[in-house]
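Residue numbers (our numbering): 233 to 480. Presented below is the structure to which this report refers.
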């Protein structure tokens with residue numbers, strides 16, 4: 233739980249230029265974890281969300297990072313996407329981390345927490361969703377204490393171009409379904425797809441949800457620069473103090 237939302241500093245020499253980027257740790261998206269999660273959710277078989285992998289590679293010593301390829305300007309992302317797995321091990325890479333406070337949660341955390349995310353800005357939250365999912369499906373071996381599950385709630389407002397362009401969509405749908413089946417609304421998902429709606433997280437949107445937004449202990453914000461500028465301004469307009477906003 234303490235590592236949810238943290239990141240690694242990755243530095244590599246690309247065409248004689250030293251390039252540094254920061255990438256979120258996503259253990260929930262590793263091949264091994266996907267396999268385990270699919271096994272756990274086999275009792276909730278649904279062709280729409282379940283696709284069990286038959287095999288996966290050795291994960292020991294692996295650090296799962298999600299690196300989205302940006303064309304044509306993504307120097308680091310294009311570099312990693314262009315090299316094969318066999319040649320990648322021979323490319324000098326400097327890793328520093330885990331860095332940052334992440335979501336700053338402990339098993340004693342409680343109350344309302346809000347997350348505003350756009351695109352890959354959802355990545356810092358995926359490991360938390362995975363922990364909640366496992367806790368609901370396997371309560372006898374829960375990684376989270378019952379007290380946390382009873383007293384903690386996160387409401388997620390996340391925007392994506394489409395369902396197909398949503399990182400971790402299967403995990404979120406599984407978590408959503410598990411919350412419904414267990415009648416535990418630990419995580420409430422409000423996913424918006426631009427190809428289906430024109431709704432925006434603007435002042436009008438914030439006004440309609442003023443009650444829960446002004447009561448939240450933490451409001452996490454993670455997305456592209458323009459998103460990270462607009463959302464805090466709209467929140468401030470309805471009276472949310474800046475001290476309650478956290479940029480991940």
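Glycine is no exception: its CB is placed at the ideal position from the N, C-alpha and C atoms.
For the alpha helix (DSSP H) that residue 436 lies in, which residues bound it at each end? Element bounds for residue 436: 435-440.
Please report the distance separating the alpha-carbon of residue 462 from that of residue 348. Each residue's Cα considered, the two are about 11 Å apart.
Reduced DSSP secondary structure (H/G/I, E/B, other) of residue 252: Three-state result, residue 252: strand.
Between residue 441 and residue 469, how many whole angstroms is the CB-CB distance? I'm expecting something under 8 Å. The pair is not a contact, with the Cβ atoms about 13 Å apart (cut-off 8 Å).
Does residue 454 come out as helix, strand or coil in the three-state DSSP assignment? For residue 454, the three-state secondary structure derived from DSSP is strand.
Alpha helix (DSSP H) containing residue 415: first to last residue? For residue 415, there is no enclosing alpha helix (DSSP H), as DSSP marks it with neither H nor E.
Mark residue 343 as exposed unless 16 or more other C-beta atoms lie within 10 angstroms of its C-beta, in which case mark it buried. Burial call: exposed.
Inter-residue spacing [alpha-carbon to alpha-carbon] between residue 418 and residue 364: Distance between the alpha carbons of residue 418 and residue 364 is about 8 Å.
Under 8 Å, do residue 389 and residue 351 count as touching if we go by C-beta distance? No, the pair does not count as a contact, with Cβ atoms beyond the cut-off.
Roughly how many angstroms lie between the CA atoms of residue 399 and residue 248, to the nearest whole one? When the Cα atoms are used, residue 399 and residue 248 turn out to be separated by approximately 32 Å.
Is the beta carbon of residue 310 within less than 7 Å of some heavy atom of the ligand FAD? This structure lacks the ligand FAD; in fact it carries no ligand of any kind.
Is the beta carbon of residue 297 sitting closer than 8 Å to the one on residue 258? Closer than 8 Å, so yes.
Measure the alpha-carbon distance for residue 250 versus residue 456 and round it to whole angstroms. It is roughly 23 Å from the alpha-carbon of residue 250 to the alpha-carbon of residue 456.
Leaving out five residues on either side along the sequence, give the residues of the same chain with a beta carbon under 6 Å from the beta carbon of residue 374. Contacts found: 367.
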